[in-house]
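Peer 1:
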Amino acid sequence: MWTEILVGIVALLAGIALGFFIARRYMMTYLKKNPPINEQMLKMMMMQMGMKPSQKKINQMMSAMNKQTGK
């Protein structure tokens, strides 16, 4: 009786932990393949804000964002 409940609880906890790590790994590989922002998006955002984007400024902002995310 108690062993069945204990096995069920252990299996539930193992499933939750395994699901968390699988989901985390999937999201990390997804974000590596599809970064949330790229140079074109940054250029469009700067133009919408009324700034004239130069390639130097775009490169500086991209390197700052990459440094912040740990790439």
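Each residue of the sequence shown is one higher than the one before, counting from 90 in the working numbering. The C-beta atom is built at its ideal place from N, Cα and C for all residues, glycine as well.
1) How is MET138 classed by DSSP in three states: helix, strand or coil?
2) Given MET151, which residues of its chain have a CB within under 7 Å of its CB, disregarding the five upstream and five downstream residues?
3) Which value, in whole angstroms, describes the spacing of the CA atoms of ALA103 and PHE110?
Peer 2: Here's the rundown:
1) coil
2) GLU128 and LEU131
3) 11 Å
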